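J.:
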Amino acid sequence: MILRQRAASWALRVLGLLVAVAGLRPAESSARALFQAPPLLVHVPNLAGYWCVDGPLPDTATGAKDSSGNGNHGTYTGGATTMASAPTVPASNTKSFALTQSGRQYLSIPDSPSLSITGSMTVAAWIRPTLDSTLQEGIVEKWDEPGVTGGYMFRLDAHENLSFSICSAAGPNEVSTSPRAVPLNVWTHVAGVYSQTAQTITNYVNASADPSVGTGVAPPTDGSNVLQIGKDYGDNAFNGNLDEVRIYNKALTAPEVAILKNGQPAPTGLVATPGTNEVQLSWTPPANAATVAVQYSVLRGPSAGAYDTIFNDVP
């Protein structure tokens with residue numbers, strides 16, 4: 000991969016990994032490569048919503064920021080807070096959402112066109128349940144009452160089995176991992192994938208597809224209710240920690256789900272070559288480029304960490 004542009008400083012992101020490349024400045028005689036995570040939003044195709052405590056857009060004391068770039072910001076509700084417990088991916092994680100079932104604590108995000116998905120979709124999150132509850136525990140919920148006739152729900156049942164439901168005019172179509180429960184008090188990556196083309200629902204636990212697959216599933220109809228993270232619209236609240244909550248308007252493939260759980264491998268052989276009024280960037284695609292559609296974002300600015308221009312979707 001080779002990219003030429005006139006620039007003094009660059010950054011490269013590969014689906015969550017950021018690499019900065021600084022080129023020539025007037026007083027320098029050679030190019031240099033720097034590894035850095037610039038605090039800017041970089042476009043990720045098909046990402047409808049992305050909520051994490053310490054992501055590209057850090058949360059405020061009361062506001063849950065959407066780092067997808069779609070502006071689906073929400074609020075901490077019922078005393079929801081954060082704590083210094085986080086999964087190991089991405090490596091920059093330091094905090095997570097901390098919720099209690101008894102307090103019915105959750106994050107509330109207003110309805111929006113980007114969250115009102117009516118086709119293929121994926122919901123994913125890192126979860127750490129801490130209570131063997133007799134209630135279901137909402138992870139991501141957006142569906143209409145009464146009748147559950149539009150939207151989607153992603154939750155644990157009363158025995159900590161993961162389930163993903165697509166809600167159409169005929170009602171909810173649910174697929175569960177039962178009897179394969181999610182363990183308590185440890186971080187587990189979970190994802191629910193709906194493919195409109197295949198008409199299937201597949202759940203993933205730690206990037207492994209569960210053998211129970213829903214078939215003949217009609218697409219969701221447009222749900223107009225608010226989206227809630229950590230609770231449904233009744234008493235079914237999550238107890239424990241949630242982090243890296245993502246919604247995509249596409250059915251992620253198994254290799255793509257694995258990236259969310261394991262992280263995206265970095266490109267190799269990154270080189271910045273100086274030229275006349277330009278810097279040439281070259282790199283070798285990461286090892287999984289043959290199985291996922293890797294695209295790159297290049298950020299430009301006057302110095303490392305201060306970027307003012309973004310080039311997205313570089314193939």
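Each residue of the sequence shown is one higher than the one before, counting from 0 in numbering that gives the first Met the number 0. Here a beta-carbon is modelled for each residue, glycine too, at the ideal position from N, C-alpha and C. Keep in mind it's a predicted model, so treat the numbers as computed, not measured.
#1: Under the rule that 16 or more other beta-carbon atoms within 10 Å means buried, what is Thr-283, buried or exposed?
#2: Looking at Ile-165 and Val-216, is the spacing between their C-beta atoms short of 7 Å?
#3: For the putative contact between Val-189 and Tyr-203, defined by C-beta atoms under 8 Å, what is the C-beta separation to the nearest angstrom?
#4: Across the region 75-83 and the region 103-111, are there enough close Cβ pairs to call them in contact, namely three or more that are closer than 8 Å?
#5: One question on the structure: do Ile-108 and Gly-73 come within less than 7 Å of each other, judged by their Cβ atoms?
#6: For Lys-249 and Thr-275, what's the separation of their Cα atoms in angstroms?
#7: Going along the chain, which residues of its own chain have a beta-carbon closer than 6 Å to the beta-carbon of Ile-246, five neighbours each way excluded?
#8: Work out the CA separation of Pro-273 and Ser-302 for me, nearest whole Å.
#9: Counting along the chain, where does the alpha helix (DSSP H) carrying Val-399 start and finish?
#10: Within the same chain, show all residues whose beta-carbon is closer than 7 Å to that of Ala-257, passing over the 5 residues directly before and after it, in chain order.
#11: Determine the burial state of Asn-184: buried for a count of at least 16 other Cβ atoms within 10 Å of its Cβ, exposed for fewer.
#12: Between the region 261-272 and the region 54-71, do three or more beta carbon pairs fall short of 8 Å?
#13: If distances are taken between C-alpha atoms only, which option among Gln-227, Val-88 and Ser-194 comes closest to Pro-219?
#14: Given a threshold of 16 other Cβ atoms within 10 Å of its Cβ, counted over all protein chains shown, does Glu-144 qualify as buried or as exposed?
#15: Using the Cα positions of Trp-50 and Thr-148, report the straight-line distance between them to the nearest angstrom.
#16: Would you kindly work out how many angstroms separate the C-alpha atoms of Asn-240 and Ser-223, rounded to a whole number?
#17: Using the C-alpha atoms, what's the distance from Val-270 back to Thr-99?
#18: Going by alpha carbons, who is nearest to Val-139 out of Gly-229, Pro-254 and Lys-260?
#19: Classify Pro-128 as buried or exposed, calling it buried when 16 or more other Cβ atoms lie within 10 Å of its own Cβ.
#20: According to DSSP, which residues form a beta bridge with Trp-50?
#21: With 16 as the cutoff for other CB atoms within 10 Å, does Glu-277 come out buried or exposed?
#22: Bridge partners of Thr-99, per DSSP?
#23: Ignore the nearest five residues each way along the sequence and tell me which others in Ala-26's own chain have a CB closer than 6 Å to its CB.
#24: Ordered along the chain, which non-local residues of its own chain (more than five positions away) have a Cβ less than 6 Å from that of Val-244?
#25: DSSP on Asn-172, reduced to helix/strand/coil?
#26: Please tell me whether Gly-191 and Phe-153 are closer than 7 Å, where the distance is taken between their beta carbons.
#27: Span of the beta strand (DSSP E) holding Asn-202?
#28: Return the CA-CA distance between Leu-280 and Gly-300, expressed in angstroms with no decimal places.
#29: Out of Met-120, Asn-160, Ala-60 and Gly-146, which one is the CA nearest neighbour of Gly-170?
#30: Leaving aside the five residues before and after Asp-58 along the sequence, list all residues of the same chain whose C-beta is less than 6 Å from its C-beta, in chain order.
#31: Between which two residues does the beta strand (DSSP E) holding Trp-125 run?
#32: Does Ala-190 come within less than 7 Å of chain B when only Cβ atoms are used?
T.: Considering the structure as presented:
#1: As a working mapping, residue 283 is identified with position 284 in the sequence shown. Looking at its Cβ environment, which holds fewer than 16 other Cβ atoms inside 10 Å, Thr-283 is exposed.
#2: Counting from 1 along the sequence shown, the entry for residue 216 is found at position 217. Counting from 1 along the sequence shown, the entry for residue 165 is found at position 166. Result yes, Cβ atoms of Val-216 and Ile-165 sit closer than 7 Å.
#3: In the sequence shown, counting from the first residue as 1, residue 189 sits at position 190. In the sequence shown, counting from the first residue as 1, residue 203 sits at position 204. That belief holds up - the Cβ atoms of Val-189 and Tyr-203 are roughly 7 Å apart, short of 8 Å.
#4: yes
#5: Your numbering for residue 108 matches position 109 in the sequence shown. Your numbering for residue 73 matches position 74 in the sequence shown. Yes, these two residues count as a Cβ contact at 7 Å.
#6: On the sequence shown, position 250 is the one that residue 249 refers to. On the sequence shown, position 276 is the one that residue 275 refers to. Whole-angstrom Cα-Cα distance: 42 Å.
#7: Locating residue 246 in the sequence shown gives position 247, counting from the first residue. These residues qualify, in order along the chain: Ala-47, Gly-48 and Val-122.
#8: Locating residue 302 in the sequence shown gives position 303, where the first residue counts as 1. Locating residue 273 in the sequence shown gives position 274, where the first residue counts as 1. Rounded to whole angstroms, Ser-302 to Pro-273 spans 16 Å at the Cα level.
#9: Here the chain has residues from 0 to 314 only, and residue 399 is not among them.
#10: For the purposes of this step, residue 257 is taken as residue 258 along the sequence shown, with counting starting at 1. These residues qualify, in order along the chain: Ala-206.
#11: In the sequence shown, counting from the first residue as 1, residue 184 sits at position 185. Asn-184 is exposed by the Cβ-count criterion.
#12: no
#13: One-based indexing of the sequence shown puts residue 219 at position 220. For the residues Gln-227, Val-88 and Ser-194, the minimum Cα distance to Pro-219 belongs to Ser-194.
#14: What you label residue 144 is simply residue 145 of the sequence shown in a count that begins at 1. Glu-144 should be labelled exposed.
#15: If you number the sequence shown from 1, residue 50 lands on position 51. If you number the sequence shown from 1, residue 148 lands on position 149. Near 26 Å, if we compare the C-alpha coordinates of Thr-148 and Trp-50.
#16: Here residue 240 refers to the residue found at position 241 when the sequence shown is read from its first residue. Here residue 223 refers to the residue found at position 224 when the sequence shown is read from its first residue. Approximately 27 Å, taken between the alpha carbons.
#17: Stepping through the sequence shown from its first residue, residue 99 is reached at position 100. Stepping through the sequence shown from its first residue, residue 270 is reached at position 271. One C-alpha to the other measures close to 48 Å.
#18: As a working mapping, residue 139 is identified with position 140 in the sequence shown. Ranking Gly-229, Pro-254 and Lys-260 by Cα distance to Val-139 puts Gly-229 first.
#19: Looking up residue 128 in the sequence shown gives position 129. Buried: at least 16 other Cβ atoms inside 10 Å.
#20: By one-based count along the sequence shown, residue 50 stands at place 51. Answer is Asp-65 and Val-244.
#21: Numbered from 1 along the sequence shown, position 278 holds the residue referred to as residue 277. It counts as exposed.
#22: Looking up residue 99 in the sequence shown gives position 100. DSSP lists no partner for Thr-99.
#23: The residue labelled residue 26 in the question sits at position 27 within the sequence shown. With a pLDDT of 31 at Ala-26, under the threshold of 50, the modelled position of that residue is not reliable, and no figure is offered here.
#24: Position 245 of the sequence shown, counted from the start, is the residue given in the question as residue 244. Cβ within range, chain order: Trp-50, Ala-124 and Ile-228.
#25: For this step, residue 172 is matched to residue 173 along the sequence shown. In the structure shown, Asn-172 sits in a strand (DSSP, three-state: E or B).
#26: As a working note, residue 191 is residue 192 in the sequence shown. As a working note, residue 153 is residue 154 in the sequence shown. It is a contact, given that the beta carbons lie within the stated cut-off.
#27: Locating residue 202 in the sequence shown gives position 203, counting from the first residue. It spans 199-204 - the beta strand (DSSP E) in which Asn-202 sits, taken as one unbroken run.
#28: Residue 280 sits at position 281 when you count from the first residue of the sequence shown. Residue 300 sits at position 301 when you count from the first residue of the sequence shown. Rounded to whole angstroms, Leu-280 to Gly-300 spans 15 Å at the Cα level.
#29: Taking the sequence shown and counting its residues from 1, the one referred to as residue 170 is at position 171. Gly-170 has its Cα closest to that of Gly-146, out of Met-120, Asn-160, Ala-60 and Gly-146.
#30: Position 59 of the sequence shown, counted from the first residue, corresponds to residue 58. Closer than 6 Å at the Cβ level, and outside the excluded window around Asp-58, lie Val-52 and Lys-64.
#31: For the purposes of this step, residue 125 is taken as residue 126 along the sequence shown, with counting starting at 1. 120-128 is the span of the beta strand (DSSP E), which, as asked, contains Trp-125.
#32: Among the chains of the structure shown, chain B does not appear; only one protein chain is present.
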